[in-house]
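Numbering (this note's numbering), first residue to last: 8 to 313. The beta carbon of each residue, even a glycine, is placed where N, CA and C say it ideally should be. Encoded as structure tokens, the structure appears first; notes follow it.
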């Protein structure tokens, strides 16, 4: 059997299994960093997993004023869905309730790359939000190389691009960090997330980018389609027959990536793993899959790291 170690940490000969998804990438600008962060956090809240959330959502990257249409600081937000027909409602609800209501913000389409560019499509953004203006809304002429609207609000005006683009992407790229205790595993997970935070067109949708409650498909309870990943729960190691944990392994965290292309997912996996194994107390790096039976995309850890 071929073995691989990185900084003395075993890399398992396995693969992560990811899924095709549709996504939107929205650029929000604001007067300053304070309101930019508030808008980004609120708009992407409750966006960890499509198991129950309306989308997997997260903050992509922050950009400087010279990289935005209105020359103000900006943040890119990404939203991933399994069903393309549901993306319009996701974007409208989140932008309408969380960006439109946030002081000083403006909103623009931010999608620049897609796994399958020929399959991108547009959804209405400002073209729908404009009706809040109750007839006082105005189309912005000449200022931008795209159609936008000015909607009067008590603060002044809300500027929003008329449409947003939806692309094809990948959800569920991942790897597992297996450590001797919570302290070391959590430190490794944090370093992994920090290592990928500046990669454009990528989000880590769970709280702080880290998953402590990884799931398996199905449950003994018929009303659930997902339940705790018991083979990786340290408190169950001596209570079940199929535990995947060894003695001395007492904490597991999963890092999940949603991205616009395969290259982006693989880059994030590589950088994240390389950062995680630098922490003392990490015994193994593995990955989550379903035997290759569910996800279209499979990334072998050995290949990602080679």
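Three-state secondary structure assigned by DSSP to residue i
i	result
residue 135	helix
residue 161	coil
residue 181	strand
residue 48	helix
residue 36	strand
residue 103	helix
residue 231	coil
residue 218	strand
residue 286	coil
residue 174	strand
residue 95	helix
residue 186	strand
residue 129	strand
Other residues of its chain near residue i: CB distance less than 6 Å, five sequence neighbours each side excluded
i	result
residue 290	185 and 256
residue 27	303
residue 18	11, 292 and 308
residue 199	262, 279, 282 and 283
residue 79	36 and 72
residue 112	35, 37, 46 and 106
residue 126	175
residue 195	184, 283, 286 and 289
Proximal residues to residue i (C-beta, below 8 Å), its chain only, five neighbours per side dropped
i	result
residue 205	68
residue 22	294, 296, 299, 305, 306, 307 and 308
residue 102	33, 50, 114, 132, 136 and 167
residue 87	28, 29, 30, 57, 62, 63, 64, 176, 178, 210, 212 and 265
residue 247	237 and 238
residue 100	61
residue 145	156 and 157
Delimiting residues of the alpha helix (DSSP H) encompassing residue i
i	result
residue 189	189-203
Run of the beta strand (DSSP E) containing residue i, from where it starts to where it stops
i	result
residue 310	Note, residue 310: premise wrong, no beta strand (DSSP E); alpha helix (DSSP H) at 308-312.
residue 225	Neither: residue 225 is in no beta strand (DSSP E) and is coded neither H nor E.
residue 265	258-266
residue 282	Here residue 282 belongs to no beta strand (DSSP E); instead the alpha helix (DSSP H) covers 269-283.
residue 13	11-13
residue 16	16-18
residue 247	Looking at the DSSP string, residue 247 is not in any beta strand (DSSP E), and its letter there is neither H nor E.
residue 116	113-116
residue 146	145-147
Assumed close pair residue i, residue j - CB separation to whole angstroms, cut-off 8 Å
i	j	result
residue 292	residue 209	19 Å between Cβ atoms; not a contact.
residue 82	residue 122	Residue 82 to residue 122, Cβ: 23 Å. No contact.
residue 172	residue 118	4 Å
residue 275	residue 174	In fact, because the Cβ distance is near 17 Å, the residues do not count as touching under 8 Å.
residue 140	residue 159	6 Å
residue 25	residue 142	So it is not a contact: roughly 46 Å between Cβ atoms.
residue 192	residue 258	4 Å
For residue i, the residue or residues it bridges with in DSSP
i	result
residue 42	For residue 42, which the question treats as bridged, DSSP gives no partner whatsoever.
residue 64	86
residue 69	82
residue 25	304
residue 239	Answer by DSSP bridge pairing: none, since residue 239 is not bridged.
residue 210	265
residue 168	155
residue 121	None; residue 121 has no bridge partner.
residue 31	86 and 173
Contact set for residue i: own chain, Cβ-Cβ below 7 Å, skip 5 residues either direction
i	result
residue 60	53 and 54
residue 170	116, 129, 130, 131, 132 and 134
residue 76	115 and 151
residue 162	110
residue 311	273, 276 and 277
residue 244	250 and 252
residue 219	260
residue 216	200 and 262
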